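In the working numbering, the protein residues as written are 87 to 409. Note that beta-carbon positions come from the ideal geometry of N, C-alpha and C, so glycine has one too. As the structure is a computational prediction, the values presented were derived from the model and not from experiment. Notes follow once the structure below has been shown.
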Ligand code: RRO
């Protein structure tokens, strides 16, 4: 079953995308994800300056998902360029695309960081405007309002007009379709939906929040239905914009549902924690087998299927009672 996936100007070898963060920015791990079956791999978001990230504990498996507050550890944009260059060279023979993810503290710095990372000539840029874990330092994420999300998008497109831009949105907003429409209007070429959902856990014996940062982002299976709903609403708002549907995808069937909601490609992150490093290959192969067994010849064949009129023949309305 060929899983070739047209995405903007690219044809990805598969619709599975390594989500940002889960395997850091090691060129070797990005290459490993490509070899494992990803059609594109996303680096850990880099910012204007090097950061250590938050103090431990930074991640916990709480049963129905993960909660993390890693705190954007990264080597800074200038050093990141070297890592991205190395990753790009390692990916060359795989056909997988390199997505360079980045964040910043101000609209202007988003443009500056994008311009620095562009030196490595990644295939795509991902503006992470939705990290939930730096509230105390940077304030409200730019993804919180249509205005701030659009302002970042414009700044990045102005700084780097020649590399297609993906904007990564946050789930905790009352109308994610409106935010998506605003960033597309401002020049975004694609959307990644979603980042983790803000949450927290408290150890009742000590009365303390478990994460040192107190709050964190929920990922894994608990996030899946939220991500699916967000992707569905974004596709309704911007039906011609490709979406990387990300959030709790753990199986091939989850990936199929994400495509049906309106995603063009499917991000995978926490599944690597649940299923081990083979998760990427397993999900890709399960998706291929599912498509095959249901008579679909490509991932595109089920794209946005859930937006069709409901099939009432599956849930017939009761026949009128005969008089
Ligand atoms: O590093 C993090 O704490 C982090 C980031 Br940048 C992000 O975008 N999402 C997340 O859940 N954690």
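Three-way DSSP call (helix, strand, coil) for residue i in this model
i, result
"residue 336", "coil"
"residue 124", "coil"
"residue 280", "coil"
"residue 394", "coil"
"residue 409", "coil"
"residue 324", "coil"
"residue 307", "helix"
"residue 368", "helix"
"residue 354", "strand"
"residue 330", "strand"
"residue 252", "strand"
"residue 159", "coil"
"residue 378", "helix"
"residue 345", "helix"
"residue 92", "strand"
Contact with chain D by residue i, beta-carbon distance below 8 angstroms
i, result
"residue 253", "The structure shown contains no chain D; it is built from a single protein chain."
Closer than 7 angstroms: residue i CB and nearest the ligand RRO heavy atom
i, result
"residue 158", "yes"
"residue 188", "no"
"residue 111", "no"
"residue 50", "Since the displayed the chain opens at 87 and closes at 409, residue 50 lies outside it and no answer follows."
"residue 282", "yes"
"residue 131", "yes"
"residue 217", "yes"
"residue 155", "yes"
"residue 353", "no"
"residue 125", "no"
"residue 326", "no"
"residue 225", "no"
"residue 303", "yes"
"residue 261", "no"
"residue 461", "No information on residue 461 is available, as it lies outside the stretch 87 to 409 that the chain covers here."
Cβ-heavy atom distance, residue i to the ligand FAD, below 7 angstroms
i, result
"residue 107", "Of the ligands this structure carries, namely the ligand RRO, none is the ligand FAD."
Given 8 angstroms, three or more beta-carbon pairs between the segment 92-100 and the segment 181-193: Counting C-beta pairs closer than 8 angstroms gives three or more between the segment 92-100 and the segment 181-193, which meets the contact rule.
Those runs of the alpha helix (DSSP H) which lie wholly inside the segment 99-145 and span at least 4 residues: 113-121, all fully within the segment 99-145.
Write down every uninterrupted run of the beta strand (DSSP E) in the segment 169-241 whose length is 3 residues or greater and which is fully enclosed by it, in chain order. Fully enclosed beta strand (DSSP E) runs of 3 or longer: 183-188 and 210-214.
Hey, which unbroken runs of the beta strand (DSSP E) at 3 residues or more fall wholly within the segment 256-301? Entirely contained in the segment 256-301, the beta strand (DSSP E) runs reaching 3 residues are, in chain order, 276-279 and 283-286.
If you pair each beta-carbon of the segment 386-394 with each one of the segment 336-347, do three or more pairs fall below 8 angstroms? As far as the Cβ criterion goes, the segment 386-394 touches the segment 336-347, which means the pair count is three or higher.
Would you say the segment 237-245 touches the segment 189-196, given that touching needs at least three Cβ pairs under 8 angstroms? A contact exists between the segment 237-245 and the segment 189-196.
May I ask you to verify whether the segment 310-324 touches the segment 247-266, counting CB pairs closer than 8 angstroms and requiring at least 3? Yes, the segment 310-324 touches the segment 247-266.
So does the segment 220-229 actually touch the segment 163-170, counting three or more Cβ pairs closer than 8 angstroms? With a cut-off of 8 angstroms, the segment 163-170 and the segment 220-229 do not count as touching, because too few Cβ pairs lie within range.
Any chance the segment 292-310 sits against the segment 319-331, with 3 or more Cβ pairs inside 8 angstroms? Too few Cβ pairs lie closer than 8 angstroms, so no.
Three or more C-beta pairs below 8 angstroms linking the segment 291-302 and the segment 135-155: At 8 angstroms Cβ cutoff, the stretches touch.
Quick check: the segment 243-252 against the segment 197-217, are there 3 or more CB pairs under 8 angstroms? Result yes; three or more Cβ-Cβ pairs closer than 8 angstroms.
Given 8 angstroms, three or more beta-carbon pairs between the segment 278-288 and the segment 151-161: A contact exists between the segment 278-288 and the segment 151-161.
Three or more C-beta pairs closer than 8 angstroms, one from the segment 123-134 and one from the segment 201-215: is that the case here? The segment 123-134 is in contact with the segment 201-215.
Does the pairing of the segment 211-221 with the segment 172-181 give three or more beta-carbon distances under 8 angstroms? Verdict: no, contact absent.
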